[in-house]
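Below is one structure; the comments refer to it alone.
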Amino acid sequence: MLKTATYSAPELPHTSIPVSIIICAHNESDNLKRYLPAVLDQDYPNFQVVVVNDCSSDDSEMVLAQLKTKHSNLYYTTIPTDKKFIHGKKLAITLGIKAAQHEHLLFTDADCQPSSDKWLQIISNQFNEEKEIVIGHGRYHSEKSLVNIFTRFETFWNAVQYFGFALRKQPFMAVGRNMAYKKELFERSEIFRRHLMLASGDDDLLINACATKTNTAIVLHPDGQTASAAPGSFRDWFYRKSRHLTTSPHYSARIKFWLITEPITRQLFWLLTLCSLFFPTFAAYSLAIFASRMILQYIILAKAARRMGEGRLYLYAILLDVITPMLLGTVWIVNIFSPNKTKWK
1 MLKTATYSAP ELPHTSIPVS IIICAHNESD NLKRYLPAVL DQDYPNFQVV
51 VVNDCSSDDS EMVLAQLKTK HSNLYYTTIP TDKKFIHGKK LAITLGIKAA
101 QHEHLLFTDA DCQPSSDKWL QIISNQFNEE KEIVIGHGRY HSEKSLVNIF
151 TRFETFWNAV QYFGFALRKQ PFMAVGRNMA YKKELFERSE IFRRHLMLAS
201 GDDDLLINAC ATKTNTAIVL HPDGQTASAA PGSFRDWFYR KSRHLTTSPH
251 YSARIKFWLI TEPITRQLFW LLTLCSLFFP TFAAYSLAIF ASRMILQYII
301 LAKAARRMGE GRLYLYAILL DVITPMLLGT VWIVNIFSPN KTKWK
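Sequence positions in the sequence shown follow my numbering and run 1 to 345.
Spelled out as structure tokens, the structure:
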């Protein structure tokens with residue numbers, strides 16, 4: 001099992017900004033019991049937790065009622081089941097935002113565990129007069145399986161990409177497991193109304209529409225992250241990734257160009273390296289270029305993993321460098337021939 005480095009929580013002053021944490025849950029009673037107390041017990045002076053119980057058929061309502069007796073900062077609302085009206089996650093999020101008492105909103109999922117009791121403090125301290133959006137990392141728990149290694153690495157690789165773009169003043173996505181923004185920004189964008197029929201996009205489409213060079217901050221520190229269980233099978237990963245990729249056609253042309261170019265050039269690099277080995281004249285040069293590229297990649301990924309508390313996950317880069325683009329390409333092709341779905345469960 002890969003071990004995650006241990007970090008101590010940073011010594012930061014408490015901010016006075018009141019925050020509403022919004023969680024949408026569908027049949028998540030077990031996860032609410034397990035993870036919601038850690039959200040409610042954040043070391044922070046002024047915050048509210050809003051849980052939208054979305055058409056659950058389990059005992060989520062009872063779990064929330066019990067937690068409410070112990071935590072005065074919990075508010076929950078329930079969307080009743082209506083067989084004639086099938087809605088996606090965007091409706092639940094919209095209701096959660098309307099129920100929020102505060103201007104600053106922090107989003108996570110019912111199956112997510114804050115990495116520390118300083119999670120809310122670290123995220124909220126990024127807000128100021130200029131910063132309206134905060135992008136955090138939502139990683140997966142480490143387990144002993146090939147599926148877990150692959151899904152964790154693919155998630156880590158994606159995070160390196162979107163954090164890198166954000167650092168270069170080109171933010172384009174975030175994950176709903178750990179992101180924050182101002183309510184006024186959401187209301188001004190009307191982004192959900194414009195993309196209501198998409199199965200996903202409650203996170204990255206808002207970033208695409210509202211993030212600018214100056215209004216977005218990022219959080220890399222491990223104590224400012226959330227962690228959740230990784231997909232238990234490749235089929236589960238495939239389904240989740242398929243839903244997520246339904247939003248990619250709505251990215252800006254510039255971002256789509258870079259996101260398409262990177263995996264294609266990566267595959268070409270491996271193909272040309274392999275072909276050059278059959279030509280003695282070029283083999284030495286090709287191997288030198290290959291080694292230089294891999295060393296540089298490992299240096300960058302190792303530094304990122306250290307900052308993000310991902311341990312030695314970067315060591316799998318050489319193994320997954322070829323496999324990941326092929327699997328993502330397969331998901332993309334399947335999506336082209338599959339009907340779009342709006343259900344988020």
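C-beta: ideal position from N, C-alpha, C; glycine also. All figures in this text were calculated on a predicted structure; none of them were measured in a lab.
The beta carbon of Leu95 is closer than 8 Å to those of Val52, Thr77 and Ile79 in its chain, skipping five residues each way along the sequence.
By the C-beta criterion, the segment 206-217 is judged not to be in contact with the segment 296-307, since fewer than 3 inter-stretch pairs fall below 8 Å.
Taking 8 Å as the cut-off, the Cβ atoms of Tyr35 and Gln113 count as close. The straight-line gap separating the alpha-carbon atoms of Gly309 and His221 is approximately 8 Å. In its chain, beyond the 5 residues on either side, Phe172, Met173, His250, Tyr251, Ser252 and Ile255 have a beta carbon closer than 8 Å to the beta carbon of Asn208. For Ser20, there is no enclosing alpha helix (DSSP H); the residue is part of the beta strand (DSSP E) that begins and ends at Val19 to Ala25. With fewer than 16 other Cβ atoms from the protein chains shown falling within 10 Å of its own Cβ, Asp236 counts as exposed.
Comparing C-alpha distances from Ile149 to each of Pro231, Cys55 and Val334 shows the shortest one belongs to Pro231. Counting C-beta pairs with one atom in each stretch, the segment 132-147 and the segment 52-62 have fewer than three that are closer than 8 Å, which means they do not touch. Val50 places its beta carbon less than 8 Å from that of Ile21. Just so you know, the alpha carbons of Ser124 and Leu301 end up roughly 27 Å apart. Distances from the CA of Val334 to each of Leu245, Arg307, Phe269 and Ile289 were compared; the closest alpha carbon is that of Leu245. Note on Gln66: under 16 other CB atoms within 10 angstroms of its CB, so exposed under the neighbour-count rule. DSSP places Asp109 outside any alpha helix (DSSP H); the residue lies instead in the beta strand (DSSP E), whose first and last residues are His104 to Asp109. One thing to note: Ile23 has its Cβ no nearer than 8 Å to the Cβ of Asp117.
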